[in-house]
Structure formats: C-alpha cells, structure tokens
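Quick note on our numbering: the sequence shown kicks off at 1249 and runs consecutively.
Built from N, CA and C at the ideal position, the CB exists for glycine as well.
Here the structure is laid out as structure tokens; the discussion comes afterwards.
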Amino acid sequence: MSKKGSSYQVDHHRRAFTHKAACIVAGCAVPYGLLANEMCQSETLKELEKCRQASINMVFASPYDTQQWRSSPHMHQQLKKNIEYFSEGKIYLNTFHKGTLGVGTELAVHTARGAIQAALISVSNLTPILPALDILNIPFWCAGQQQYLNLIASKTWQDHVLHKIHKQGKLNILMHYLPGARTVTSTKRYGATIKTPTDMQDIVFRIPASKVLNQFYDLCGTRAVQVPWKKVATLAEGGRIEALDPSIVGLFNGPNNLRQHLGVVSKINSVQDGWLLVVNQPWFNALPLNLKHALRDAANKTFKEHLELQPSIAQYCEHSLKKLGTDIYEPNKEELKQWYELAGPQQPQWLPFKRALLGSEQLFKQFFEAAQE
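Here you go:
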C-alpha cells in the first residue's frame, strides 16, 4: 500500500471511530459489536497496530487538550504509556480529549452507565453520582496539597468514602489529581477584586454541581447559578455571570478560551479543586486480576509523576494569566480570617451536610484530624 493510501486508511478509521464513540455516548442505537470491530483509531500506523494487538481497548475521555501538557496536569501521555506498559500491551488506552465525548457531569453519567470506560472529571461534577465526595468541598480544612494527600491516603477515607463508593457499584476511583485550591475570580466584564465575603454580596456566581459549594456561596450572599463547565466562557463574555471559583489551573485550561474572559483572581484557598480519574466499576470488575493490578500500578505511577509536575504547571498557568492581563490577588491574614469565620468547618450550617454525607459530626472530626496529620 502506498504512503498516501495508508494515511487515508488511518484517517478513515479515526473518523469512523470518533463518530461511533460520540454516537454511543449520545445514546444512539449502534450495536456494541459493530463498535468493537472498529475500535482502533489513530493518526499513525504504529498506534493503529498497537491497538489491534491489544485485547482490550479502553476509551478514556477528558475535557483537556492532550497537546496542552505544559499548562494542564491531565497526564494523558503518561497515563497511556503507563497503562500500556504495565498491561504488557494487553490494554490500549484510546484517549478522546478536548471534550469530544462530553465534559463534567456529562462524562460522569457516560462513565457510570458504561458508555465509556474511563474519564477525567472534577470532584464537584462527580458529587451528583458519588455524593460522599462532597465532604471535600466544606471550605477551609483540606484545601492544601499536603492536607488533601493526608486525607485521601488515610484509613478513615478508605473506610468511610471509598467503601461507600464501592458499594454503589457505579464507578471506581483510580487516581486523584491536585490542580490547586479554588479561588474566587471575577470575570473581565465585572472586573472587581473580591477580597472578603462582603465583596460577594449579590454577585451572580457560577457554581459547579456540588450541594456543599452551593451552600458555601449562599453563606457569602451570592446569587449562585449552576452552569455547565462548557458554557461558562460564553456566559462570562456576555456578562451573564460575574464570578466563578476554579483553581488557577482550572481557569487557564477552561473550555472555549475561558482565560480570555477573567478579571481578578483572588487566592482564598477555600477547597482543593480536585479532579479524579474514574473507571466504570462493572467493566473494571470484569477484567482479569492481572489487568486490574496493571491499571492500579499504572495509576499509582502516573499519580507520582503528576505530583512532581504540578507545581511547575501551576506556576506556568499563573504567569500566563498575568500575561493575558488577569490580576492575581493574595488576601491578607485579616481578610482570610473573615472567610474562615463566615464559612469554616466549625460553622453550624455544615452540620446537616456532615450528617448526611458521613453519618455524624464525630466522624467529620476524624476526617479533620486525618487531614492535619
């Protein structure tokens, strides 16, 4: 076959698979057998051959651009390399990036029902399906990287969150991402510097799909609106929202050029803007034991690599936002104290959430202690 013919064949496979995968997540009536026969899609013949030789083709969906690895800790390339290495080529990771198969809560639903095998989704956008995770969104107790790492590595977390998620039978958590703490950020059209909770009064504030974060911004007196992540840039540009809360990394990598529509980032360090790599639990449970171990080992290695890269990525995003004209504000101790006094974990407004998510206030104290160790 000529080089031109080979290129055409590869491109044809790639386009055909992308169409069918998109159709599957949209609920089209495409038989799985037909999809399985055309699973392999790639821009190179080498990758196409690797895919054909694998016994399992694992579809992984992400809202982030694989090529933007300097600004996003998505770890697409490392995850692919590690999964294929630890599985000895038996699992081929087929990455669909840039929101091709959806973003946020869409991806959570697609993965939970098995339309795709794995996805990168924020903790907040997973809370409608995995509500136990929302305990992470109570502000000002677990926002720092070390606190977050302490908590997710603790027996308390394993026993009272992961066990609960496992019993649901929908998703397994393979890996955590720690992009940085959430901010309060004005849009370019609004342009105000939000220094204290008083500055939040009556502003239209975009929130993700988290009941706990909704309560936080209610305490701050905002007019909170839940907006899908993919629509945020359009609403910010049009003046329909005035502020939002992602981390600096999340803001810079937001869809539809969100970075162009930001005013002032205030680093209040409320909660960690955590992401998760999740897999469909029934799919994972059906894997042979050696491939389950391969996925776990690959995720563990990728997580370590992520922690090494994250500081430089966060620094790159902050520097790049400044170059675009976005201001970065660091609240002083007195201003941070006002945030804590209004919405810190000691506030009685969190009692119903602690009881609903964990069963008791006493158990939350164990979580708090685990994070501080």
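query, result
"Quick check on residue 1428: buried or exposed, where buried means 16 or more other Cβ atoms within 10 Å of its Cβ?", "buried"
"Quick one: residues in its chain with C-beta nearer than 7 Å to the C-beta of residue 1274, no 5 flanking neighbours on either side, listed in chain order?", "For residue 1274, the predicted structure reports a pLDDT of 47, less than 50, and the residue's modelled location is therefore unreliable. A value from the coordinates is still provided. Within the same chain, residue 1274 has no close Cβ partners at all."
"Between 1403, 1575 and 1452, which lies nearest to residue 1614 when the distance is taken from Cα to Cα?", "1403"
"Taking 9 Å as the threshold (C-beta atoms), are residue 1338 and residue 1534 in contact?", "no"
"When you compare only the Cα positions, how much space is there between residue 1507 and residue 1499?", "6 Å"
"Would DSSP call residue 1574 helix, strand or coil?", "coil"
"Ordered along the chain, which non-local residues of its own chain (more than five positions away) have a Cβ less than 7 Å from that of residue 1303?", "1338"
"If you follow the beta strand (DSSP E) that residue 1454 is part of, which residue opens it and which one closes it?", "1452 to 1455"
"Taking the alpha-carbon of residue 1391 as reference, which of 1472, 1463, 1425 and 1332 has the nearest alpha-carbon?", "1425"
"So, under 8 Å CB-CB, residue 1523 and residue 1370 are touching, yes? Tell me the CB distance rounded to an integer number of Å.", "5 Å"
"Could you tell me whether the stretch 1360 to 1379 touches the stretch 1449 to 1464, where touching means 3 or more Cβ pairs closer than 8 Å?", "yes"
"Taking residue 1568 as the reference, give the member of 1416, 1311, 1322 and 1316 with the closest Cα.", "1316"
"Nearest by alpha-carbon distance to residue 1521: which of 1530, 1463 and 1497 is it?", "1497"
"Sorted by chain position, which residues of the same chain lie with C-beta nearer than 8 Å to residue 1590's C-beta, five sequence neighbours on each side aside?", "1445, 1467 and 1468"
"Can you round the beta-carbon distance between residue 1511 and residue 1435 to whole angstroms, since I take them to be within the 8 Å contact cut?", "6 Å"
"Can you tell me whether DSSP reads residue 1367 as helix, strand or coil?", "strand"
"According to the neighbour-count rule (16 or more other Cβ atoms, all chains shown, within 10 Å of its Cβ), is residue 1431 buried or exposed?", "buried"
"Output the boundary residues of the alpha helix (DSSP H) element that contains residue 1624.", "Coverage of the chain is limited to positions 1249 through 1621, which leaves residue 1624 absent and any answer about it impossible."
"Just the Cα atoms here: how many angstroms apart are residue 1301 and residue 1554?", "29 Å"
"For chain D, check one thing: does any of its Cβ atoms lie closer than 9 Å to the Cβ of residue 1418?", "Among the chains of the structure shown, chain D does not appear; only one protein chain is present."
"With DSSP run on the structure shown, which of helix, strand or coil describes residue 1595?", "coil"
"Closest by CA to residue 1380, which one among 1421, 1540 and 1351?", "1421"
"I'd like the span of the alpha helix (DSSP H) that includes residue 1345, first residue to last.", "Run containing residue 1345: none; DSSP gives neither H nor E here."
"I'd like to confirm the pairing. Which residues does DSSP put opposite residue 1308 in its beta bridges?", "1343 and 1366"
"Ignoring anything shorter than 4 residues, give me the alpha helix (DSSP H) runs that lie fully in the stretch 1425 to 1489, in order along the chain.", "1459 to 1467 and 1480 to 1485"
"Could you tell me the alpha carbon to alpha carbon distance between residue 1462 and residue 1544, rounded to whole angstroms?", "33 Å"
"Would you kindly work out how many angstroms separate the C-alpha atoms of residue 1323 and residue 1347, rounded to a whole number?", "15 Å"
"Would you mind giving the Cβ-Cβ distance between residue 1309 and residue 1367, rounded to the nearest angstrom? I have them listed as a contact below 8 Å.", "5 Å"
"Relative to the C-alpha of residue 1336, which candidate in 1538, 1344 and 1345 has its C-alpha closest?", "1538"
"Can at least three beta-carbon pairs, one atom from the stretch 1406 to 1415 and one from the stretch 1481 to 1494, be found at a separation below 8 Å?", "no"
"Is residue 1526 helix, strand or coil by DSSP?", "strand"
"Hey, residue 1546 and residue 1384: beta-carbon distance below 9 Å or not?", "no"
"Please report the distance separating the alpha-carbon of residue 1560 from that of residue 1515.", "17 Å"
"Taking DSSP as the reference, what is the three-state secondary structure of residue 1420?", "strand"
"Could you work out which residue in 1408, 1397, 1351 and 1594 is closest to residue 1475 when comparing CA atoms only?", "1351"
"Buried or exposed: residue 1528, going by 16 or more other Cβ atoms within 10 Å of its Cβ?", "buried"
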